[in-house]
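These notes are about the structure you will find just below.
Residue numbers (our numbering): 558 to 629.
Below is the structure:
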């Protein structure tokens, strides 16, 4: 492989497959939107997961802060 040949995400060591089962209707909607927008499923998943992960990290940080008057 030369420097100009693109490496697929599947073969790129910086990427890892993530998989899960979602309702069929949601999966079809997701695939349809990806097709309409001309983006691959992985790119759409990255875009969707980034804000979700930031939100969950904030929630975890907030839950670790002792509440006033709480002797935990």
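Positions of the beta carbon are idealized from the N, C-alpha and C atoms, including for glycine.
### Query
Do residue 599 and residue 566 come within 8 Å of each other at the CB atom, strictly closer than that value?
In the chain shown, residue 566 corresponds to position 9, counting from 1. In the chain shown, residue 599 corresponds to position 42, counting from 1. Cβ atoms of residue 566 and residue 599: closer than 8 Å.
### Message
residue 587 and residue 574 - do their beta-carbons sit closer together than 8 Å?
### Response
Along the chain shown, one-based indexing puts residue 574 at 17. Along the chain shown, one-based indexing puts residue 587 at 30. No, these two residues do not count as a Cβ contact at 8 Å.
### Task
Please report how far the alpha carbon of residue 603 lies from the alpha carbon of residue 625, in whole angstroms.
Start at 1 with the first residue of the chain shown, and residue 603 comes out as number 46. Start at 1 with the first residue of the chain shown, and residue 625 comes out as number 68. Using only the alpha carbons, I get a separation of about 37 Å.
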